[in-house]
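*Asks:*
There are 2 protein chains.
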Amino acid sequence: MSLQNNHPPLNERSQHLLKVLVERYIRDGQPVGSRTLAEETVLNLSPATIRHVLADLEEHGYLLSPHTSAGRVPTARGYRLFVDGLLTVKPLDDSTVKQCQQQLKPDLNVQGLVSTASNLLSDVTRLTGLVMLPRRDHVTLRHVEFLPLNDNRVLVILVLNEQEVQNRIIYTDRVYSAAELQQAANYLNEVYAGCDVSQLRTQLLQAMQNDREHLNNLMQATVDVASKMFDKPKNSAPDYVMAGQENLLDLADGATGINRLRQLFATFTQKRDILYLLDQCLNAEGIQIFIGEEAGYEVMDECSLVAAPYSVEGKVVGVLGVIGPTRMPYERVISIVDVTAKLLSVALSQKGSDLDLLHDK
Amino acid sequence: MSLQNNHPPLNERSQHLLKVLVERYIRDGQPVGSRTLAEETVLNLSPATIRHVLADLEEHGYLLSPHTSAGRVPTARGYRLFVDGLLTVKPLDDSTVKQCQQQLKPDLNVQGLVSTASNLLSDVTRLTGLVMLPRRDHVTLRHVEFLPLNDNRVLVILVLNEQEVQNRIIYTDRVYSAAELQQAANYLNEVYAGCDVSQLRTQLLQAMQNDREHLNNLMQATVDVASKMFDKPKNSAPDYVMAGQENLLDLADGATGINRLRQLFATFTQKRDILYLLDQCLNAEGIQIFIGEEAGYEVMDECSLVAAPYSVEGKVVGVLGVIGPTRMPYERVISIVDVTAKLLSVALSQKGSDLDLLHDK
DNA sequence: TATTAGCAATCCCCCCGTATGAGTGCTAAA
DNA sequence: TTTAGCACTCATACGGGGGGATTGCTAATA
Chain E
1 MSLQNNHPPL
11 NERSQHLLKV
21 LVERYIRDGQ
31 PVGSRTLAEE
41 TVLNLSPATI
51 RHVLADLEEH
61 GYLLSPHTSA
71 GRVPTARGYR
81 LFVDGLLTVK
91 PLDDSTVKQC
101 QQQLKPDLNV
111 QGLVSTASNL
121 LSDVTRLTGL
131 VMLPRRDHVT
141 LRHVEFLPLN
151 DNRVLVILVL
161 NEQEVQNRII
171 YTDRVYSAAE
181 LQQAANYLNE
191 VYAGCDVSQL
201 RTQLLQAMQN
211 DREHLNNLMQ
221 ATVDVASKMF
231 DKPKNSAPDY
241 VMAGQENLLD
251 LADGATGINR
261 LRQLFATFTQ
271 KRDILYLLDQ
281 CLNAEGIQIF
291 IGEEAGYEVM
301 DECSLVAAPY
311 SVEGKVVGVL
321 GVIGPTRMPY
331 ERVISIVDVT
341 AKLLSVALSQ
351 KGSDLDLLHD
361 K
Chain L
1001 MSLQNNHPPL
1011 NERSQHLLKV
1021 LVERYIRDGQ
1031 PVGSRTLAEE
1041 TVLNLSPATI
1051 RHVLADLEEH
1061 GYLLSPHTSA
1071 GRVPTARGYR
1081 LFVDGLLTVK
1091 PLDDSTVKQC
1101 QQQLKPDLNV
1111 QGLVSTASNL
1121 LSDVTRLTGL
1131 VMLPRRDHVT
1141 LRHVEFLPLN
1151 DNRVLVILVL
1161 NEQEVQNRII
1171 YTDRVYSAAE
1181 LQQAANYLNE
1191 VYAGCDVSQL
1201 RTQLLQAMQN
1211 DREHLNNLMQ
1221 ATVDVASKMF
1231 DKPKNSAPDY
1241 VMAGQENLLD
1251 LADGATGINR
1261 LRQLFATFTQ
1271 KRDILYLLDQ
1281 CLNAEGIQIF
1291 IGEEAGYEVM
1301 DECSLVAAPY
1311 SVEGKVVGVL
1321 GVIGPTRMPY
1331 ERVISIVDVT
1341 AKLLSVALSQ
1351 KGSDLDLLHD
1361 K
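One line per chain: the protein sequences are E and L, in this order. All residue numbers for the first sequence refer to this note's numbering, where the first residue is 1 and numbers rise by one. All residue numbers for the second sequence refer to this note's numbering, where the first residue is 1001 and numbers rise by one.
#1: Using 8 angstroms for Cβ pairs, my map puts Pro-1148/L next to Ala-1193/L. What's the rounded Cβ distance?
#2: In its own chain, which residues sit with a C-beta less than 7 angstroms from the C-beta of Phe-1290/L, not counting the 5 before and 5 after it?
#3: Determine, using beta carbons only, whether Ser-1069/L and Ile-1050/L come nearer to each other than 8 angstroms.
#4: Say whether the stretch 138-146 of chain E touches the stretch 156-165 of chain E, bearing in mind that this needs 3 or more beta-carbon pairs closer than 8 angstroms, one atom from each stretch.
#5: Here's the rule: buried if 16 or more other CB atoms are within 10 angstroms of the residue's CB, otherwise exposed. What is Val-339/E?
#6: Quick check on DSSP: helix, strand or coil for Ile-1291/L?
#7: Starting from the beta carbon of Arg-1142/L, find every residue of chain E whose beta carbon is closer than 8 angstroms, and list them in chain order.
#8: Which residues share a DSSP beta bridge with Pro-1148/L?
#9: Would you call Arg-1168/L buried or exposed, if buried means 16 or more other Cβ atoms sit within 10 Å of its Cβ?
#10: Of the residues Arg-135/E, Gln-163/E and Arg-13/E, which one's Cα is nearest the Cα of Leu-282/E?
#11: Go ahead and label Lys-351/E buried or exposed: buried means 16 or more other beta carbons lie within 10 angstroms of its beta carbon, across all protein chains shown.
#12: State buried or exposed for Glu-294/E, treating a residue as buried only when at least 16 other CB atoms are found within 10 Å of its CB.
#13: Among the residues of its own chain, which have a CB less than 8 angstroms from the CB of Leu-1188/L, if the five just before and after it don't count?
#14: Using a cut-off of 8 angstroms between C-beta atoms, extract the partners of Gln-1163/L located in chain E.
#15: To the nearest angstrom, how far is the alpha carbon of Gln-1101/L from that of Lys-1342/L?
#16: Assign Val-1171/L to buried or exposed, taking buried as 16 or more other Cβ atoms, counted over all protein chains shown, within 10 Å of its Cβ.
#17: For the structure I just gave you, are there three or more beta carbon pairs, one from the stretch 1118-1136 of chain L and one from the stretch 1320-1331 of chain L, closer than 8 angstroms?
#18: Nearest-angstrom Cα distance between Asp-1196/L and Thr-1202/L?
#19: Does DSSP put Asp-1137/L in a helix, a strand or coil?
#20: Quick check: the Cα distance between Asn-1150/L and Thr-326/E, rounded to an integer number of angstroms?
#21: Give me the residue from Arg-1072/L, Ser-1122/L and Arg-1013/L with the minimum Cα distance to Asp-1028/L.
#22: Where do the N-terminal and C-terminal ends of the beta strand (DSSP E) with Lys-98/E fall, by residue?
#23: Label Pro-74/E either buried or exposed according to how many other C-beta atoms from any shown protein chain fall within 10 Å of its C-beta, with 16 as the threshold for buried.
#24: Would you tell me roughly how many angstroms separate the C-alpha atoms of Tyr-240/E and Leu-121/E, rounded to the nearest one?
#25: Given a limit of 7 angstroms on CB to CB distance, which residues of the stretch 189-200 of chain E reach chain L?
#26: Using a Cβ-Cβ cutoff of less than 6 angstroms, which residues in the same chain neighbour Lys-234/E once the five nearest sequence positions on both sides are dropped?
#27: State the Cα-Cα distance for the pair Gln-220/E and Gln-1163/L, rounded to the nearest angstrom.
#28: Report the CB separation of Glu-433/E from Lys-90/E in whole angstroms; it is logged as a contact under 8 angstroms.
#29: With 8 angstroms as the threshold, decide whether the Cβ of Val-159/E is near any Cβ in chain L.
#30: Comparing alpha-carbon positions, which option in Val-346/E, Thr-96/E, Leu-10/E and Val-316/E lies nearest Asp-279/E?
#31: Using a 10 Å radius around the Cβ and a threshold of 16 neighbouring Cβ atoms, would you call Glu-12/E buried or exposed?
#32: State yes or no: is the beta carbon of Asn-109/E nearer than 8 angstroms to at least one beta carbon in chain L?
#33: Can you list, in chain order, the residues of its chain with a C-beta nearer than 7 angstroms to that of Leu-344/E? Leave out the 5 residues immediately preceding and following it.
#34: Determine the DSSP secondary structure at Met-1328/L, reduced to helix, strand or coil.
#35: Alpha helix (DSSP H) containing Pro-1047/L: first to last residue?
#36: By the three-class DSSP mapping on this structure, what secondary structure does Gln-1163/L have?
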């Protein structure tokens, strides 16, 4: 990930030319030549001079000529320098921000917020948006309900963090009656409502040891059922949400060909690689940008990922961002990702504060 | 949808040649000429004779020459005749059927079954699979739970049809205490468990009129909350599930171009058109096939949809199928769709029988 | 009448050569 | 250090000429 060697000193002029070249290339996708650059820039230099500079930049690995008589194109390294220091982030216009703000109403459920954010990213950037589902290290049990199915199967309904509902089917060691299950649920709801789920199992076992004399059927049932309750469900939900995959089709022009695109789609359905990339952003502070080959995945060549963590009450709980061609309008995309992350953080935190309101009452 | 005019009488030989031509074209995608056909078929005819027949078929609208010196290609009408009567359905080999059967275990939840079926269709056909979510005209309430949130919002958890859990947030007219909600839930669970949800509201109102003297707070709360309970949620879940969209990329070869593909993707995200097509299959008996332009949607040109309804306990509750290029191996696809529909029906029906088992106990 | 062989005509596709134009690198002058 | 000039490279577009495949037609054949 880190660059092979430090950026060699690059004088102001070279940097400026690189910036203009990258911007131009991002604009219209054609290799940029010295003549164009001479007209584009304010420096009033002749194409010949610019050619010298460009030759330098190419030598240092920032640029690349597709062929002898074409203009030049930024390399991954060139993009890296560009996004790291050269680019001027355009703040998003207020109307768009307002629009986003309106869509991300905190009275949606978590699922709704996440998919709305994903659609938002996709719509505004015209790229592919994706949002990791928020994972909290600290999940509070609010309410639990057991319903007997046939044989030794039990439907468990968990209400977590005030509003999230999860349900799964567990297989118990023996058949429990509806009354037993009801009692077990009542016990859990009375004693453990508000507790952290991750510690619930150990707490239960402790309680069982302390009141060894009271170790009756009720407790047994409770422990049996509750300990199965938090096993990972088989068909666990997807870990992130995507929108706008169709925008990836823009990649299909020119030499990149349809095959790479197919690989990319395959990656998405497999989703392991993507998740790994997203995970790397979890610990980072602000916006993270992965440029093409840097990611290490061959399929991601020609692609970039712009991502930002989002948080609930100050704690980072997830990552969102967009995937698109390396040649994407970073100035816009960065601020869009940034704003969306902040808005989602706000929306989720407001939901969280329901909890406080509730306890105050 | 119906054909413009009846198929004019087509002698055996013409039909056979059309069949062979379509099969061949499906195999390798190249226009088929008279010489190839002469070798392919068993009829021992000279290319010249076959040319006469082909000219006839073309005149009747079954075939089409891309240009003067190319072979011939089936038209939508040609495909129609082919799938309606000519094609010989290949039964699926047992190992594949077994494999499908193993995947569609009835102990998955409905969501799981549907997405597994979708993946199955996509994997086995290498096309895009889609499954409409089962909609039952008859939804039984098993259990309901109310949890107060802040202000006048209530989290409602519904258990329907024994295993399906739905949850949503409703806004009540006034703030209810936890105790009130608990009572209301108890009342509903005791009196209306096992009832049809669609009739629940009217039944409630009736009950309220009968016991007018008992119209206490409890009843008021119950009616207030319960009547809001079944309003359609805003972010309603998607109505069908797709898998294998990446297989659509095969369409992107040659003249069809990337633009049509993009339109197609847009269609999928909008999903209205698709749903309309699927709906048409709901009332049909067996396998339905839509061929390209027949569907009436321009974007669906060059595409076909092979669909079959699936059922629970004999009643049709949904449709599944695959979408792919008009030039697809119908013989295989048809039997795959057929088998998948039957297997899904079986799996869903077995789940349904949990209900009976439960009541027996 | 149905089938077949023969044949000219058509048209796509591939290849090749050429012209064009954009852009480069080099060199020498300012 | 910058610039102008120039030869060179190479992708792209254009056009013409085979080669190949297939057709439709006509006339002969069974």
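From the three backbone atoms N, C-alpha and C, an ideal C-beta is built for every residue, glycine too.
*Replies:* According to the data block:
#1: About 22 angstroms separates the two Cβ atoms, so there is no contact after all.
#2: Leu-1277, Ser-1304 and Leu-1305
#3: no
#4: yes
#5: buried
#6: strand
#7: Leu-147
#8: Val-1154/L
#9: buried
#10: Arg-135/E
#11: buried
#12: buried
#13: Leu-1141, Val-1144, Thr-1222 and Ala-1226
#14: Leu-149, Leu-155 and Ile-169
#15: 10 angstroms
#16: First, the residue type needs correcting, since residue 1171/L is Tyr and not Val in the sequence shown. Its Cβ having fewer than 16 others within 10 Å, Tyr-1171/L is exposed.
#17: yes
#18: 11 angstroms
#19: coil
#20: 45 angstroms
#21: Arg-1072/L
#22: No beta strand (DSSP E) contains Lys-98/E, which is instead part of the alpha helix (DSSP H) from 94-103.
#23: buried
#24: 14 angstroms
#25: none
#26: A caution first: Lys-234/E carries a pLDDT of 46, below 50, which makes its placement in the model unreliable, though a value can still be read off. Result list for Lys-234/E: empty, nothing under 6 angstroms.
#27: 25 angstroms
#28: As shown, chain E starts at 1 and ends at 361. That puts residue 433/E outside it, with no answer to give.
#29: yes
#30: Val-316/E
#31: exposed
#32: yes
#33: Leu-104, Leu-113, Ala-117, Tyr-310 and Leu-320
#34: coil
#35: 1047-1059
#36: coil
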